[in-house]
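Let me begin by presenting the structure, written as structure tokens, before commenting on it.
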Amino acid sequence: MTVVRSSTSFVSIRQGVQVISIRASAGSPSSTRLSESVWAHLLYVVAVAAFAAELPAEAYGMIGGGFIGTVGFLAIWRYGWGGLHFARALVYRKTVFPHMREAADALVTHEALNAYLLVTTFRIDSAVTRRVYKAAFEAALAAPGKVTVVASIVETADQRLVKAIFRSLCSDQDKVDLVVVRIAGTGKRDALAYGFRAIARRCPSEDDVVAVIDGDSIIPRDLIQKCAGFFQLDPQVGALTTDEISEVRGRRIFQEWYALRFAQRHTLMSSMGLSERVLTLTGRMAMFRASIVSDPDFIRQVELDYIDHWRLGRFKFLTGDDKSSWFWLLRNGYKMIYVPDVVVLTVEDPPTDNFISAAAMLMIRWFGNMLRTNARALAVGPKKIGWFTWWAILDQRISMWTSLVGFAVAMIATFFVSGYAFLLYALWILTSRYVLTLSLLTSRSRVSVFYPFLLYFNQIFGSLMKVHITFRLDRQKWTRQKTTSGARSAKRPLVASDFMSTYMHTLSLGAFLALLAWSVDVLPTPRALLFFP
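Converting from the sequence shown to this note's numbering requires adding 111 to each position, the first position being numbered 1.
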């Protein structure tokens with residue numbers, strides 16, 4: 112471990128405004144894209160209206176009550192739940208958070224605490240690494256107190272680059288320290304654990320803060336000043352996360368997809384912020400109370416997390432370090448809040464140029480981390496974490512099936528009832544997803560006409576991926592590091608075999624489709640005598 116001792120004005124981030132400094136870093140144009148223009152939206156509305164007008168009148172009467180009842184009931188449930196999140200997000204951002212912001216800012220001006228910025232870097236190109244550490248050192252210089260930047264690094268070239276940036280920005284002051292932690296490249300969990308222990312050895316105080324920053328995340332200059340006060344405001348606040356925007360190195364469809372995901376994330380995080388327990392502490396940037404990061408039990412949880420599965424046995428977590436830290440705080444009763452007026456820029460490199468393949472690879476990692484953790488989170492119980500948070504975690508498991516109901520019923524009705532079912536379903540999707548797209552204007556200043564199609568893709572393809580992962584929770588793989596969860600033993604018991612995973616997956620899908628076919632009167636109700644000899 113190497114310790115190196117050692118102006119810029121900063122731009123504050125206002126709600127609903129993409130900050131000048133972040134925009135400059137992203138290199139994205141300020142002009143509106145064609146897909147985000149008023150003319151594009153007018154064309155979309157006219158096209159959908161023309162499609163609806165072209166449907167014959169008898170099409171609307173061809174579908175039976177079973178179809179309408181099944182889809183309608185679940186639609187009321189799903190859209191009601193989504194509407195509740197939307198309303199809660201507005202209440203949090205417009206009413207609750209402004210008071211929190213005022214109180215937190217007042218505390219920061221009265222007492223400047225120490226802060227730590229832990230940055231993990233592995234297999235990220237030098238241009239991005241330079242921007243990430245330049246932003247980190249500028250944030251350290253702009254902070255109200257002393258700051259230690261801890262760089263958890265694998266390669267010597269990265270170490271030289273980080274030290275050079277430090278010397279160029281921080282050589283003439285003693286406010287910022289640099290601590291370089293060299294690791295063997297065994298994974299992000301080890302990188303974090305070594306960094307946490309380096310911070311613990313410096314004996315931080317109770318209210319000091321630690322920002323954990325991914326190697327491709329560019330933080331704003333006023334990150335510490337804008338976030339540290341929340342930990343002083345409430346001793347039960349254990350961690351927080353912020354809004355994100357992306358700079359995508361890939362095809363246009365990737366840019367639209369990531370922009371949509373971050374807009375949806377902003378709404379969901381704001382809703383969960385009202386309950387003071389967000390559903391994830393994003394690995395790209397999350398800030399923790401230093402006493403938590405220094406806790407040996409917390410470090411062990413992040414470094415060596417595992418679960419005991421009834422069928423797959425015990426397996427360690429390879430990915431999902433952010434879910435491990437989130438679960439530790441959830442289990443120990445800490446609040447985890449959302450700061451919507453601070454924006455972190457993330458540099459996104461899709462793992463492949465093929466959109467479907469890249470989405471599948473990323474979803475396997477994202478949803479796998481979620482599903483491996485939320486069963487044990489549910490076991491903590493609603494009395495400890497709150498009923499709304501508990502139900503939101505449960506909904507993550509239920510929604511993978513309910514989100515497929517409309518599509519499955521529409522296909523069943525198309526083949527067995529009327530071909531108009533598919534056309535009516537398409538009209539419903541085009542209309543409802545556009546309404547959802549417009550709702551995102553509360554989170555972002557512009558939305559694209561491609562969003563309705565990407566929303567539907569996320570719903571159907573994402574749900575299919577979640578169902579697939581549910582029966583294969585032990586499969587884990589990093590996209591950048593190209594590491595996997597290890598070789599599968601040839602002597603695994605039958606119950607944990609690949610065959611059993613496929614068998615249970617197929618059986619569940621078959622039962623799901625059969626139940627839906629029965630609900631729309633395509634399959635008759637079985638007689639009781641059918642089950643007896």
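A virtual CB, placed ideally from N, CA and C, is assigned to each residue, including glycine. Treat the numbers as computed from the prediction; the structure is a model and nothing was measured.
Exercise. Buried or exposed for Glu367, please, with buried defined as at least 16 other CB atoms from any protein chain shown within 10 angstroms of its CB.
Key: Here the question's residue 367 lines up with position 256 in the sequence shown. Label assigned to Glu367: buried.
Practice problem: Would you kindly work out how many angstroms separate the C-alpha atoms of Phe365 and Ala163, rounded to a whole number? | Solution: By 1-based counting over the sequence shown, the position of residue 365 is 254. By 1-based counting over the sequence shown, the position of residue 163 is 52. Rounded to whole angstroms, the gap between the alpha carbons of Phe365 and Ala163 is 30 Å.
Quiz item: How about Thr231 and Val323: are their beta carbons less than 9 Å apart?
Solution: Taking the first residue of the sequence shown as position 1, residue 231 is located at position 120. Taking the first residue of the sequence shown as position 1, residue 323 is located at position 212. Against a cut-off of 9 Å, the Cβ pair of Val323 and Thr231 comes out as a contact.
Exercise. Report the rounded CA-to-CA distance for Ala158 versus Phe307, giving the unit in angstroms.
Key: Stepping through the sequence shown from its first residue, residue 158 is reached at position 47. Stepping through the sequence shown from its first residue, residue 307 is reached at position 196. Approximately 55 Å between the Cα atoms of the pair.
Quiz item: Looking at C-beta atoms only, is the number of pairs between the segment 350 to 358 and the segment 269 to 282 that lie closer than 8 Å three or more?
Solution: The segment 350 to 358 is not in contact with the segment 269 to 282.
Quiz item: In three-state terms, what does DSSP make of Ile294?
Solution: Reading the sequence shown from its first residue, position 183 is the one you call residue 294. Coil at Ile294, not helix or strand.
Quiz item: Residue ranges of each beta strand (DSSP E) run of no fewer than 3 residues wholly in the segment 319 to 386, ordered along the chain?
Solution: Secondary structure within the segment 319 to 386: the beta strand (DSSP E) runs of 3 or more consecutive residues, fully enclosed, are 320 to 325 and 348 to 359 (chain order).
Quiz prompt | Span of the alpha helix (DSSP H) around Gly573 | solution = Along the sequence shown, read from residue 1 onward, the residue named residue 573 stands at position 462. Taken as a continuous stretch (DSSP letters only), the alpha helix (DSSP H) holding Gly573 covers Tyr562 to Thr581.
Quiz item: Under the three-state reduction of DSSP, which class applies to Lys494: helix, strand or coil?
Solution: Counted from its first residue, the sequence shown places residue 494 at position 383. Lys494 falls in the helix class under three-state DSSP.
Quiz item: Which first and last residues belong to the alpha helix (DSSP H) in which Val273 is found?
Solution: Numbered from its first residue, the sequence shown carries residue 273 at position 162. Segment Thr267 to Cys281, the alpha helix (DSSP H) holding Val273.
Quiz item: The alpha helix (DSSP H) spanning Tyr155 covers which residue range?
Solution: Here residue 155 is taken as the residue at index 44 of the sequence shown, counted from 1. Its alpha helix (DSSP H) spans residues Val149 to Glu165.
Exercise. Along the beta strand (DSSP E) that carries Glu459, what are the first and last residues, could you check?
Key: Taking the sequence shown and counting its residues from 1, one reaches residue 459 at position 348. Unbroken beta strand (DSSP E) run through Glu459: Lys446 to Glu459.
Exercise. Within its chain, find whatever has a CB closer than 8 Å to the CB of Ala598; leave out the 5 residues flanking it on each side and keep chain order.
Key: By 1-based counting over the sequence shown, the position of residue 598 is 487. With a pLDDT of only 45 at Ala598, under the threshold of 50, the placement of this residue in the model should not be trusted; the figure read from the coordinates follows. There are no such residues.
Self-check item: Reference Val453; option with closest CA among Tyr155, Pro331, Ser316 and Ala170
Solution: Taking the sequence shown and counting its residues from 1, one reaches residue 453 at position 342. Out of Tyr155, Pro331, Ser316 and Ala170, Pro331 has the C-alpha closest to the C-alpha of Val453.
Quiz item: If you check the beta carbons only, do Phe518 and Ser381 fall under 9 Å apart?
Solution: Here residue 518 is taken as the residue at index 407 of the sequence shown, counted from 1. Here residue 381 is taken as the residue at index 270 of the sequence shown, counted from 1. Their beta carbons are not under 9 Å apart, which means Phe518 does not touch Ser381 by this criterion.
Quiz item: What are the uninterrupted segments assigned as alpha helix (DSSP H) that are 4 or more residues long and contained completely in the segment 492 to 546, given in chain order?
Solution: Listed in chain order, the complete alpha helix (DSSP H) runs (minimum 4 residues) inside the segment 492 to 546 are 493 to 496 and 498 to 527.
Quiz item: Can you tell me whether Pro407 is buried or exposed, with buried defined as 16 or more other CB within 10 angstroms of its CB?
Solution: Within the sequence shown, numbered from 1, the residue matching residue 407 stands at position 296. Taking all protein chains in view, the Cβ of Pro407 is surrounded by fewer than 16 other Cβ atoms within 10 Å, so the residue is classified as exposed.
Quiz item: Taking just the CA atoms, how far does Pro604 sit from Ile448?
Solution: Residue mapping note: residue 448 aligns to position 337 of the sequence shown, counting from 1. Residue mapping note: residue 604 aligns to position 493 of the sequence shown, counting from 1. Distance between the alpha carbons of Ile448 and Pro604: 43 Å.
Quiz item: Just reading off the beta strand (DSSP E) that Ile264 is part of, what are its end residues?
Solution: Residue mapping note: residue 264 aligns to position 153 of the sequence shown, counting from 1. Segment Val258 to Ile264, the beta strand (DSSP E) holding Ile264.
Quiz item: Around the Cβ of Thr484, are there at least 16 other Cβ atoms within 10 angstroms (buried) or fewer (exposed)?
Solution: Translated into the one-based positions of the sequence shown, residue 484 becomes position 373. Answer is buried; the Cβ neighbour count reaches 16.
Quiz item: Which word fits Ile310, buried or exposed, when buried means at least 16 other C-beta atoms lie within 10 angstroms of its C-beta?
Solution: Here residue 310 is taken as the residue at index 199 of the sequence shown, counted from 1. Classification for Ile310: buried.
Self-check item: C-beta contact flag for Gly573 and Ser514 at 9 Å
Solution: Working through the sequence shown from its first residue, we reach residue 573 at position 462. Working through the sequence shown from its first residue, we reach residue 514 at position 403. Contact: yes.
Practice problem: Give the single residue among Ser612, Val389 and Asp319 whose Cα lies nearest to the Cα of Arg400. | Solution: For the purposes of this step, residue 400 is taken as the residue at position 289 of the sequence shown. From the listed residues Ser612, Val389 and Asp319, the smallest Cα separation to Arg400 is found for Asp319.
Exercise. Check each candidate in Ser328, Ala304 and Val491 and name the one with the smallest Cα separation from Asn443.
Key: One-based indexing of the sequence shown puts residue 443 at position 332. The residue among Ser328, Ala304 and Val491 with its C-alpha nearest the C-alpha of Asn443 is Val491.
Quiz item: Are Cys338 and Val260 close, meaning C-beta to C-beta below 9 Å?
Solution: Residue 338 sits at position 227 when you count from the first residue of the sequence shown. Residue 260 sits at position 149 when you count from the first residue of the sequence shown. In terms of Cβ geometry, Cys338 and Val260 do not form a close pair [threshold 9 Å].
Practice problem: Could you give the DSSP three-state label for Lys102: helix, strand or coil? | Solution: Nothing can be reported for residue 102: it is not among the residues displayed for the chain, which extend from 112 to 644.
Quiz prompt | Cutoff 6 Å; reference Ala170; Cβ partners in own chain excluding five residues on either side | solution = Against the sequence shown, residue 170 aligns to sequence position 59. Excluding residues within five positions, the ones whose Cβ falls inside 6 Å are Tyr531.
Quiz item: With burial defined as no fewer than 16 other Cβ atoms inside 10 Å of the residue's Cβ, what is the status of Ala251: buried or exposed?
Solution: Taking the sequence shown and counting its residues from 1, the one referred to as residue 251 is at position 140. Burial check for Ala251: the Cβ neighbour count within 10 Å reaches 16 or more, so the residue is buried.
Quiz item: Quick one: Cα of Thr548 to Cα of Ile467, how far?
Solution: As a position in the sequence shown, residue 548 is number 437, starting the count at 1. As a position in the sequence shown, residue 467 is number 356, starting the count at 1. When rounded, the distance between both Cα atoms is 21 Å.
Quiz item: What's the C-alpha gap between Gly296 and Phe233?
Solution: As a first step, residue 296 is located in the sequence shown; it is residue number 185 there, counting from the start. As a first step, residue 233 is located in the sequence shown; it is residue number 122 there, counting from the start. Approximately 7 Å between the Cα atoms of the pair.
Self-check item: Val291 versus Ile264 - alpha carbon distance
Solution: As a working mapping, residue 291 is identified with position 180 in the sequence shown. As a working mapping, residue 264 is identified with position 153 in the sequence shown. Cα to Cα, Val291 sits roughly 7 Å from Ile264.
Quiz prompt | Pair within 9 Å by beta-carbon distance, Trp539 and Leu429 | solution = The count along the sequence shown starts at 1 and reaches residue 539 at position 428. The count along the sequence shown starts at 1 and reaches residue 429 at position 318. The Cβ atoms of Trp539 and Leu429 do not sit closer than 9 Å to each other.
Practice problem: Starting from Leu624, trace the alpha helix (DSSP H) both ways and give me its first and last residue. | Solution: The count along the sequence shown starts at 1 and reaches residue 624 at position 513. Note, Leu624: alpha helix (DSSP H), Asp609 to Ser630.
Exercise. Output yes or no for whether 9 Å exceeds the beta carbon distance between Gly183 and Asn225.
Key: Counting from 1 along the sequence shown, the entry for residue 183 is found at position 72. Counting from 1 along the sequence shown, the entry for residue 225 is found at position 114. No, these two residues do not count as a Cβ contact at 9 Å.
Quiz item: Which two residues bound the contiguous beta strand (DSSP E) that contains Ala304?
Solution: Position 193 of the sequence shown, counted from the first residue, corresponds to residue 304. For Ala304, there is no enclosing beta strand (DSSP E); the enclosing alpha helix (DSSP H) covers residues Lys299 to Ala311.
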